[in-house]
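**Q**
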Amino acid sequence: MVVEVAAEPLERSEPRLTTLVAIVAAFAALGYVLRFLAYQQAVWNADIWNFPHGFCRWDCVWYVRLAQTGYDPFPVPHGIDAGNWAFFPLFPMIVGALYKLTGWPPIDIAVAVSILLSGLAALVAWPLLKHNLRAFTLYAAFLLCGPFSMYFTSFFTEVLFVLLTNCVMLAARRSNYLTAGTGAALLSATRIVGVFGVFIVAVQFLVDYARRGGSVAGLPRELWRRPDIVLAVLIAPLGAFAYMLFLHFYMGDALAFQHVQRAWGRVVGNPFDYLWLALTEPPRNGGWLSSGQWLALSAIGGLVATAVLAWKRHYAEAVFCLFCIVVPMAAGMASMLRFVAALSPIVLLAAGYLARWWPLFLATLLVLVATDYFFALGWIEGWLALV
Amino acid sequence: MSEAIAQRPVWRGAVLAAAAAVAAVELYTAWLALHPQVGKDYRAYYIDHTTTCLDKPVSNRYALGSTISFLPENWRGAKALWVCGWDGPAGDGAHSVGTSSRLHFGIAPPASGLRLRLYLTAIAAAGQRVVVTTGDGRPLGTARIPAGASQVVDVPVPADAVVPGDGLDVIVAYPDAVRMMPHDSDTHLRAVMLTAVQLRRPGDLPSSGPLDDPKLRQYEPGPGGPLRQKPA
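Protein chains in written order, with this note's numbering: chain A, 4 to 390; chain B, 17 to 248.
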């Protein structure tokens, strides 16, 4: 599907392909070196061989175990309450399959695959960025050499989520709804919020239908005439449903990924209550902002960018982002920075704006590269806002 | 799929059939999701939320009369006894989490009744009522611990509370457990810290605290609280 959605523009501008790949490869190499330098700065006895393992923090550790040993049975081994059912299967399955084939350490495989997928995500974004080389450069730098590159180059599902989001957006913008629906199905097997990919498909169809002069009254007739639209929308959450079926037959609870949140103390509440609580959390240890404030500001930033998407009439992507931000907020602000950083429509929008003027482009590029090092340091030293 | 292809009768039929099949699978999965087939412990903790302590099968062997420290210096020994509802252990003991905690003693049925001794400290935020029962809910005793205070809680355990082939399950419940943060889950309520436990027969010496644990022989109380290693 990546090939299908990306092929046309890349073929049309073939001389550019080597340039694009060179940009991606350069940022992949530079990002790896910068993160390794940060690792060397922060860790005693750091070397290039233990770097992928040492850089693997928080959920990354869960994903490594998931790729190695699969889903936990119930009761969970080692006497803990939290099984690994909350982690959606597609990316760990890919790494797990390669691990079974090669026997190499899962984290090494995951790092290699993540960097490859990040590069692919950048290439798929080329037409989404309207073939703007400066915007492409910023986007590639963001993924591979930016402040949040740890999510896209270690072992987190965010990288596959970003790639598939780009594929779905591209297919939907080309009115190829069935391909978009298939991509959304994979998206929904990647992260729980992937089910909201259905909105990219459905809303984009409605936007296209309205642009063609379609009316509300004529919609049922149009859907009867085009059953592929209905199929695309029904397929979109199929990945999540497949995982639910697996969980039911594996351990008897199709909603185990949701129910297990109790073991992490997640309580469903008013998302804006959580936002306010985080925003008013006082900083400690002399910091500028508390972790909660960073998380709240990232959510607010994401919501503002979502409003800009809607204002720019990217309604399908705006609805997708809105759900991907607000629904997780209902269980608290944890990981919000990661969730917003993995929202492609927002990042692509920002890359487009920041690439408009040379000085702004250069300044942004410098900030991205510099913050890669400093955020990697924060990551290793346990800065909670990045978790 | 292009619009023209989508409208061909053969394709339309195939697409409609595929859509119906996908919808059927999704409806079936949704029905399964509403009817989980899980055990009572899983249901109570994850689905019905009637407990904050997820009971798990454990078979911990315990020598009657021995003291088990719940300080970090003996975290392996502590974790061998606890089933659920504990966190840590930290420097001030294992922290209770939720509205109850469980301990399991893998012992054979005794000839006569036993006594359970718990070294507990209430959290500084609020005084705590502690209700001790057997795993099947038979009351063993209660205690009231003032905020921040430490207390030795001794309760009698009838001989027939020990299940042959399994052992003794003890539930320590905290009706006054408190939220430390406004949106804390009930699984994160706090009540007490446990520093040591002992289950003894009538003739055994009562435990005098965590330092009675043989695993802590090389430690002594340090200044201000935490243990420190005895000089060689």
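Glycine included, every Cβ here is placed at the ideal spot set by N, Cα and C. Values in this document were obtained by computation on a predicted structure and should not be read as measured data.
Could you pull out every residue in the same chain whose Cβ sits closer than 6 Å to the Cβ of B/Leu132, ignoring the five residues on either side in sequence?
**A** Closer than 6 Å at the Cβ level, and outside the excluded window around B/Leu132, lie Val171, Val173 and Leu215.
**Q** Go through the stretch 157 to 192 of chain B residue by residue and report every complete run of the beta strand (DSSP E) that reaches 3 residues or more, in order.
**A** 166 to 173 and 184 to 189
**Q** I'd like the span of the beta strand (DSSP E) that includes B/Met209, first residue to last.
**A** Segment Val208 to Arg216, the beta strand (DSSP E) holding B/Met209.
**Q** Using the rule of at least 16 other Cβ atoms within 10 Å of the residue's Cβ for burial, across every protein chain shown, is B/Pro226 buried or exposed?
**A** Only buried fits B/Pro226, as 16 or more other CB atoms lie within 10 angstroms of its CB.
**Q** Between B/Val179 and the ligand FAD, is there a pair consisting of the residue's CB and a ligand heavy atom that are separated by less than 6 Å?
**A** As for the ligand FAD, it is missing from this structure, which has no ligand bound.
**Q** Report, in whole angstroms, the separation of the C-beta atoms of A/Cys170 and A/Val127, which I expect to be a contact under 8 Å.
**A** Contact holds; Cβ gap of about 6 Å.
**Q** Looking at chain A, which residues of the stretch 25 to 39 of chain B have a Cβ within less than 7 Å of any of its Cβ atoms?
**A** For the stretch 25 to 39 of chain B, the beta-carbon criterion of a distance under 7 Å to any beta-carbon of chain A is satisfied by Arg28, Val31, Leu32, Ala34, Ala35, Val38 and Ala39.
**Q** With a 10 Å radius around its C-beta and 16 neighbouring C-beta atoms as the bar for buried, classify B/Leu232 as buried or exposed.
**A** buried
**Q** State the DSSP-derived secondary structure class of B/Gln144, mapped to helix, strand or coil.
**A** In the three-state DSSP reduction, B/Gln144 falls in the strand class (E or B).
**Q** Taking DSSP as the reference, what is the three-state secondary structure of B/Arg77?
**A** strand
**Q** Report the rounded CA-to-CA distance for B/Ala236 versus B/Asp108, giving the unit in angstroms.
**A** A small fix is needed here, since residue 236 of chain B is Glu in this sequence, not Ala. Whole-angstrom Cα-Cα distance: 14 Å.
**Q** Check each candidate in B/Ala140, B/Ile123, B/Ala189 and B/Pro125 and name the one with the smallest Cα separation from B/Thr158.
**A** B/Ala189
**Q** Say whether chain B places a C-beta atom closer than 7 Å to the C-beta of A/Val270.
**A** yes
**Q** In terms of alpha-carbon separation, which member of A/Asp256, A/Cys327, A/Ile232 and A/Ala85 lies closest to B/Ala34?
**A** A/Ile232
**Q** Considering just the uninterrupted stretch of the beta strand (DSSP E) at B/Asp315, what are its terminal residues?
**A** This structure cannot speak to residue 315 of chain B, because chain B is shown only from 17 to 248.
**Q** Does the beta-carbon of A/His81 have 16 or more other beta-carbons within 10 angstroms, so that it is buried, or is it exposed?
**A** It is exposed - the Cβ of A/His81 has fewer than 16 other Cβ atoms within 10 Å.
**Q** If you draw a straight line from the alpha carbon of A/Asp62 to that of A/Thr374, how long is it in whole angstroms?
**A** 22 Å
**Q** From which residue to which residue does the beta strand (DSSP E) around B/His120 run?
**A** It spans Ser116 to Phe121 - the beta strand (DSSP E) in which B/His120 sits, taken as one unbroken run.
**Q** Using 8 Å as the cut-off, can you tell me whether the stretch 361 to 380 of chain A makes contact with the stretch 178 to 192 of chain A, which would need three or more C-beta pairs spanning the two stretches below that distance?
**A** Counting Cβ pairs under 8 Å, fewer than three are found: no touch.
**Q** Is the distance from the Cβ of A/Ala319 to the Cβ of A/Thr309 below 7 Å?
**A** no
**Q** Out of A/Thr193, A/Thr156 and A/Ser178, which one is the CA nearest neighbour of A/Thr168?
**A** Nearest option by C-alpha distance: A/Thr193.
**Q** Taking the alpha-carbon positions, what's the A/Ala281 to A/Arg341 distance?
**A** 16 Å
**Q** Distance check for B/Leu119 and A/Pro95, CA to CA, integer angstroms please.
**A** 36 Å
**Q** Looking at A/Leu357 and A/Ser294, is the spacing between their C-beta atoms short of 7 Å?
**A** Between A/Ser294 and A/Leu357, the gap from beta carbon to beta carbon reaches 7 Å or more.
**Q** Can you name the residues that DSSP bridges to B/Gly109?
**A** B/Ala106
**Q** Among A/Thr105, A/Ala125, A/Gly99 and A/Asp111, which one has its Cα closest to the Cα of A/Thr22?
**A** A/Ala125
**Q** Buried or exposed for B/Met197, going by 16 or more other Cβ atoms inside 10 Å?
**A** Exposed, by the Cβ-count rule.
**Q** For the stretch 203 to 221 of chain A and the stretch 261 to 272 of chain A, state whether three or more C-beta atom pairs, one from each stretch, are separated by less than 8 Å.
**A** Cβ pair count under 8 Å is below three, so no.
**Q** Could you spell out the range, first to last residue, of the alpha helix (DSSP H) harbouring A/Pro223?
**A** Leu222 to Arg228
**Q** Please list the partners that B/Pro105 has in chain A, where partner means a Cβ-to-Cβ separation under 9 Å.
**A** Going along chain A, no residue has its Cβ under 9 Å from B/Pro105, so there is no contact; the nearest lies around 14 Å.
**Q** Mind listing, in chain order, the continuous alpha helix (DSSP H) runs of no fewer than 4 residues lying wholly within the stretch 162 to 205 of chain A?
**A** 180 to 191
**Q** Examine chain B for any beta-carbon lying closer than 7 Å to the beta-carbon of A/Phe91, and answer yes or no.
**A** no
**Q** Should A/Ser347 be labelled buried (16 or more other beta-carbon atoms within 10 Å of its own) or exposed?
**A** Counting Cβ neighbours within 10 Å, A/Ser347 comes out buried, since at least 16 surround it.
**Q** Are the C-beta of A/Asp375 and some C-beta of chain B separated by less than 7 Å?
**A** no
**Q** Suppose you measure from the CA of B/Trp47 to the CA of A/Phe202; what does that come to, to the nearest Å?
**A** B/Trp47 and A/Phe202 have their alpha carbons spaced roughly 23 Å apart.
**Q** Nearest to A/Leu119 by CA position, among A/Tyr142, A/Val27 and A/Trp227, is which residue?
**A** A/Val27
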